[in-house]
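K.L.:
Chains as they are written, first to last, in my numbering: chain A, 165 to 411; chain B, 5 to 249.
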């Protein structure tokens with residue numbers, strides 16, 4: 165099965181993420197759907213790094229990459245305001261996360277000498293993708309500092325879990341990325357609900373309701389598609405009772 | 005409060021301490037099956053857990069000055085780790101019936117050679133079950149873990165206080181504490197995962213031969229922390245100077 169190349173996926177995620185942030189900035193909250201692609205890109209890079217059997221688990225890679233991305237977005241929100249100059253803010257977030265992600269990847273490769281192919285590229289991609297997601301979520305939830313740890317953890321889980329859950333014999337990129345889409349929808353759904361609760365108004369704000377509705381629809385479609393993939397991938401078990409073949 | 009430049013140096017020092025501390029904390033994924041010495045989880049996640057506890061402990065004494073913040077962070081972190089070691093040993097001894105023993109020492113491959121616990125003098129050879137690399141946390145391993153957690157907690161507290169000092173002029177106290185906490189956690193996670201590549205999922209602390217590759221961790225954490233510290237310094241300077249774009 166032909167796999168989607170990391171550059172293609174990251175390029176698409178970058179454009180999609182920036183488009184999502186701009187749409188949210190200009191009041192179109194359903195633009196959050198454009199943040200799903202960065203989730204896929206980050207999960208794909210966790211897969212790219214973790215499948216070589218490194219000295220640490222998928223969880224560590226997810227926490228590490230998201231720590232770089234989320235910290236970049238949090239710190240960049242101090243001097244740069246997305247409200248007045250969104251382009252400058254997004255440029256700052258992407259640049260900071262890419263530089264720190266790339267540097268840590270190069271250090272892991274050259275100094276620590278962990279010979280994982282394209283480790284620096286993968287770590288930079290996780291950092292930049294999660295930074296874009298964090299920036300988008302910050303726009304929706306406002307600069308509510310109490311929610312920073314929540315934003316960080318909710319993104320981390322959605323990024324590290326798809327490969328962790330799919331790993332093993334018969335794992336393939338298509339199914340892992342589909343699970344990443346399921347978790348991306350789930351995450352934006354939770355963000356929509358939290359935005360409703362955090363708004364403080366008696367009636368839910370229509371923008372937040374739109375996020376919840378769109379995310380719920382996406383979640384249903386993604387779960388159905390993912391479950392079909394699971395069923396087709398395990399047909400050996402379903403029909404013969406044998407263990408799945410090594411692919 | 006400390007000068008922004010000193011705070012930047014504190015972030016670098018804290019980051020390096022956090023990275024180096026991972027080498028001292030005994031952890032092993034196969035410890036879950038009592039097949040290796042160390043707490044039953046990956047070294048990075050355990051160190052990150054200890055560090056986060058340290059940051060929480062440090063946050064409670066944020067108004068009491070740098071010295072107390074550091075002590076609070078270090079003690080909080082060490083307490084968390086030593087309680088984990090104690091509970092792990094209780095479960096291992098009374099649940100599985102295996103004595104805490106250092107696998108590296110039992111096979112004569114520890115840093116200080118010999119087959120005895122370097123502190124208590126207890127013989128380790130013969131107590132490790134066949135086919136395993138030790139189990140549980142004997143005294144020397146627990147001491148190494150406590151020492152590592154003190155270092156990690158100190159590092160976390162240093163980063164926490166430094167970021168708090170830098171950002172306070174631009175934010176309210178509550179917001180500065182929250183931002184400092186999450187940034188310190190971020191620095192902790194970045195630096196604690198890097199040594200995982202050296203340790204390859206398992207270490208017995210300072211009595212493991214892997215401690216000899218600590219220089220690689222030191223260099224990589226120094227460079228990555230310097231980069232993060234420079235970014236934090238630059239953006240905080242912009243924010244404090246009122247250059248909100």
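Ideal Cβ placement from N, Cα and C applies to all residues, glycine included.
Leaving out the 5 sequence neighbours to the left and right, which residues in its chain are closer than 8 Å to residue 297 of chain A when beta-carbon positions are compared?
P.N.:
181, 199, 202, 203, 206, 233, 319.
K.L.:
Which chain A residues are close to residue 182 of chain B, counting only those with a beta carbon under 7 Å from its beta carbon?
P.N.:
Here the neighbours are 309, 310, 312.
K.L.:
Measuring only the C-alpha atoms, how far is residue 241 of chain B from residue 177 of chain B?
P.N.:
Taking the straight line from one Cα to the other gives about 17 Å.
K.L.:
So if DSSP puts residue 160 of chain B in a beta bridge, which residue, or which two residues, is it bridged to?
P.N.:
Answer is none; residue 160 of chain B lacks a bridge partner.
K.L.:
Look at the alpha carbon of residue 219 of chain A and the alpha carbon of residue 205 of chain B, and state the distance between them as a whole number of angstroms.
P.N.:
Note that residue 219 of chain A has pLDDT 48, beneath the 50 cutoff, so the model's placement of it is unreliable and the number below is only indicative. The straight-line gap from Cα to Cα measures roughly 5 Å.
K.L.:
Output the boundary residues of the alpha helix (DSSP H) element that contains residue 273 of chain A.
P.N.:
Its alpha helix (DSSP H) spans residues 250-274.
K.L.:
Helix, strand or coil for residue 125 of chain B? Go by DSSP, reduced to three states.
P.N.:
Residue 125 of chain B falls in the coil class under three-state DSSP.
K.L.:
At which residues does the alpha helix (DSSP H) containing residue 171 of chain A begin and terminate?
P.N.:
Counting along the chain, the alpha helix (DSSP H) containing residue 171 of chain A begins and ends at 170-189.
K.L.:
For the stretch 255-273 of chain A against the stretch 321-333 of chain A, do three or more pairs of beta-carbon atoms, one drawn from each stretch, fall closer than 8 Å, so that the two count as touching?
P.N.:
Taking 8 Å as the limit for Cβ pairs, the verdict is that the stretch 321-333 of chain A does not touch the stretch 255-273 of chain A.
K.L.:
Run through chain B and tell me which residues come within less than 9 Å of residue 174 of chain A, C-beta to C-beta.
P.N.:
Correct list: empty, because the minimum Cβ distance to chain B is about 20 Å.
K.L.:
Classify residue 396 of chain A as helix, strand or coil using the three-state DSSP reduction.
P.N.:
Helix at residue 396 of chain A.
K.L.:
Along the stretch 31-46 of chain B, where does the CB come closer than 8 Å to a CB of chain A? Name the residues.
P.N.:
Within the stretch 31-46 of chain B, the residues whose Cβ lies closer than 8 Å to some Cβ of chain A are 33, 46, listed in chain order.
K.L.:
Beta-carbon separation of residue 190 of chain B and residue 224 of chain A under 8 Å?
P.N.:
Going by C-beta atoms, residue 190 of chain B is not nearer than 8 Å to residue 224 of chain A.
K.L.:
Hey, does residue 171 of chain B have any beta-carbon neighbour from chain A nearer than 8 Å?
P.N.:
Yes, its Cβ sits closer than 8 Å to a Cβ of chain A.
K.L.:
Cα separation between residue 75 of chain B and residue 27 of chain B?
P.N.:
Computed Cα separation, rounded: 21 Å.
K.L.:
Which one of A:339, A:388, A:362 has the shortest CA to CA distance from residue 397 of chain A?
P.N.:
Taking only the C-alpha atoms, the option nearest residue 397 of chain A is A:339.
K.L.:
Run through chain A and tell me which residues come within less than 8 Å of residue 194 of chain B, C-beta to C-beta.
P.N.:
228, 231, 232, 235, 264, 268, listed in chain order.
K.L.:
Comparing C-alpha positions only, which one of B:165, B:202, B:186 sits nearest to residue 68 of chain B?
P.N.:
Among B:165, B:202, B:186, the Cα nearest to that of residue 68 of chain B is on B:165.
K.L.:
Name, going along the chain, the residues of the stretch 275-307 of chain A whose beta-carbon falls closer than 8 Å to a beta-carbon of chain B.
P.N.:
Listed in sequence order: 275, 276, 277, 278.
K.L.:
What's the C-alpha gap between residue 188 of chain B and residue 161 of chain B?
P.N.:
Their backbone Cα atoms lie some 8 Å apart in a straight line.
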